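Participant:
There are 2 protein chains.
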Amino acid sequence: MVEQVRWLDDAEQAAWTGYRQMKRLLDARLAAELTAGFGLSEPDYDVLSLLNDTDATRWCLKDMAVRLHWSPSRLSHHIARMATRGLLDRLPCETDARGTDVAISAAGRRAIELAAPGHVDSVRRHVIDQLTATDLADLARITRKITAHLRSLDT
Amino acid sequence: MVEQVRWLDDAEQAAWTGYRQMKRLLDARLAAELTAGFGLSEPDYDVLSLLNDTDATRWCLKDMAVRLHWSPSRLSHHIARMATRGLLDRLPCETDARGTDVAISAAGRRAIELAAPGHVDSVRRHVIDQLTATDLADLARITRKITAHLRSLDT
DNA sequence: ACAGTTTGCATGACACGTCAAACAAAGGAA
DNA sequence: TTCCTTTGTTTGACGTGTCATGCAAACTGT
Chain A
0 MVEQVRWLDD
10 AEQAAWTGYR
20 QMKRLLDARL
30 AAELTAGFGL
40 SEPDYDVLSL
50 LNDTDATRWC
60 LKDMAVRLHW
70 SPSRLSHHIA
80 RMATRGLLDR
90 LPCETDARGT
100 DVAISAAGRR
110 AIELAAPGHV
120 DSVRRHVIDQ
130 LTATDLADLA
140 RITRKITAHL
150 RSLDT
Chain B
0 MVEQVRWLDD
10 AEQAAWTGYR
20 QMKRLLDARL
30 AAELTAGFGL
40 SEPDYDVLSL
50 LNDTDATRWC
60 LKDMAVRLHW
70 SPSRLSHHIA
80 RMATRGLLDR
90 LPCETDARGT
100 DVAISAAGRR
110 AIELAAPGHV
120 DSVRRHVIDQ
130 LTATDLADLA
140 RITRKITAHL
150 RSLDT
């Protein structure tokens with residue numbers, strides 16, 4: 000007995016393929032501008048923003064992973080890559096001998112402070128400025144619904 | 000002279016971070032269900048869908064790349080990987096000795112016909128069913144605006 | 001016909017992210 | 001204490017996507 004498949008109708012297709020196309024083009028564009036202008040990837044940007052914007056001078060990986068919503072493995076790999084580039088320093092955690100702390104380096108601070116205005120400008124030009132206030136509210140509402148649904152599946 | 004940076008206000012932040020979070024969670028979820036259920040990745044799915052849904056028994060890489068909006072390099076890499084898994088066959092193009100044609104294999108056809116209903120169901124459960132008809136129209140409109148803007152930059 | 005350019009694709013090096021496995025330190029129960 | 005489990009991190013293998021490069025076939029102008 001084959002279950003009936005409900006394929007997507009035109010309106011559903013328009014939303015879904017629209018999302019997929021926007022995602023591909025937008026991510027490529029933002030990554031390209033960030034890399035070309037400042038030699039940073041989006042993950043680099045996220046890590047450095049966290050380290051630069053908060054008062055804490057050091058973060059342990061565990062807390063960073065939660066804050067960034069990254070897997071521990073991903074964070075470990077990425078921190079290792081960034082450390083070899085001199086963007087940050089790894090230090091042994093003082094309160095837990097298993098842990099590793101991360102601190103932003105002078106080069107990392109220079110990089111993020113140079114890149115931040117340009118990246119915000121990219122987001123503004125390619126996203127915010129293309130949409131009305133209503134669009135922005137709609138997008139926030141839509142993404143909130145789907146995000147909430149997906150988070151509820153993991154509990 | 001430092002230019003003034005217009006950081007994102009709350010409404011803009013809500014839309015932008017909402018999009019980024021949804022993207023990460025949604026992509027991870029859909030990829031996981033597709034892989035776990037059918038051993039296909041999303042790129043696999045896109046390629047096989049194209050080969051299976053159209054009347055043409057073979058496609059040349061060039062045309063596929065345009066149709067999928069993929070870079071030639073990406074397509075070449077991916078076709079190579081899929082060919083080693085037996086999902087499709089590579090044939091010399093008959094009208095252009097430089098070209099390569101691709102045809103779906105029996106295994107590839109089985110895979111896509113098995114996976115398609117499940118994948119559509121994933122999309123329906125995690126996206127379509129979470130949104131109202133208004134949401135879907137809003138999403139289509141928003142993505143169309145941004146996609147059109149980004150495409151206009153490449154011309 | 002021939003030289004120069006363009007086109008179609010393959011390849012290698014690399015960055016990114018996932019999973020599974022490994023490991024030492026920490027914590028808890030006896 | 002001793003044992004067992006959990007936790008924090010690292011590592012390796014792999015799939016994926018990008019860029020730069022290489023190369024042969026196709027095209028173009030003379």
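Listed in order, the protein sequences are those of chains A and B. When we follow numbering that gives the first Met the number 0, the leftmost residue of the first sequence carries the number 0, and every step to the right adds one. When we follow numbering that gives the first Met the number 0, the leftmost residue of the second sequence carries the number 0, and every step to the right adds one. All C-beta atoms in this analysis are idealised placements derived from N, C-alpha and C, irrespective of residue type, glycine included. Predicted model only: the values in this text are computed from it and were never measured.
1) Taking the beta strand (DSSP E) that Val100 (chain B) falls in, what are its first and last residues?
2) Would you list, in sequence order, the uninterrupted beta strand (DSSP E) runs of no fewer than 3 residues that lie entirely inside the region 4-63 of chain B?
3) Using a Cβ-Cβ distance cut-off of 8 Å, determine whether Tyr18 (chain B) contacts chain A.
4) Residues of chain A with CB closer than 8 Å to the CB of Leu130 (chain B), please, in chain order.
5) Taking 8 Å as the threshold (C-beta atoms), are Asp43 (chain A) and Leu67 (chain A) in contact?
6) Using a Cβ-Cβ cut-off of less than 8 Å, give me the residues of the region 109-138 of chain B that come near chain A, in sequence order.
7) What residues of chain B sit near Ala10 (chain A), judged by a beta carbon separation below 9 Å?
8) Candidates A:Ile141, A:Ala13, A:Arg123, A:Ile111: which alpha carbon is nearest Thr131 (chain B)'s?
9) Spell out whether any CB of chain B is found under 8 Å from the CB atom of Arg28 (chain A).
10) Tell me whether the region 46-59 of chain B and the region 15-34 of chain B touch, counting them as touching only if at least three CB pairs, one residue from each stretch, are closer than 8 Å.
11) In chain order, what residues of the same chain have a beta carbon less than 6 Å from the beta carbon of Trp58 (chain B), not counting five sequence neighbours either side?
12) Restricting to Cα atoms, I'd like to know which of A:His77, A:Pro91, A:Cys92 is closest to Gly85 (chain A).
13) I want to verify the contact list: residues of chain B whose CB lies under 8 Å from the CB of Arg23 (chain A), in sequence order.
14) Could you give the first and the last residue of the continuous beta strand (DSSP E) run that contains Leu149 (chain A)?
15) Quick one: what's got a C-beta closer than 8 Å to Cys92 (chain A)'s C-beta in the same chain, skipping five residues either side?
Facilitator: Looking at the coordinates:
1) A small correction: the amino acid at residue 100 (chain B) is Asp; Val does not occupy that position in the sequence shown. That run of the beta strand (DSSP E) goes 99-103.
2) none
3) yes
4) Ala14, Ile141, Lys144, Ile145
5) no
6) Ala115, Pro116, Val119, Asp120, Val122, Arg123, His125, Val126, Ile127, Gln129, Leu130, Ala132, Asp134, Leu135, Ala136, Asp137, Leu138
7) Ala132, Leu135, Ala136, Ala139
8) A:Ile141
9) yes
10) no
11) Val101
12) A:His77
13) His68
14) Careful: Leu149 (chain A) lies outside any beta strand (DSSP E), inside the alpha helix (DSSP H) at 132-153.
15) Cys59, Gly98, Thr99, Asp100
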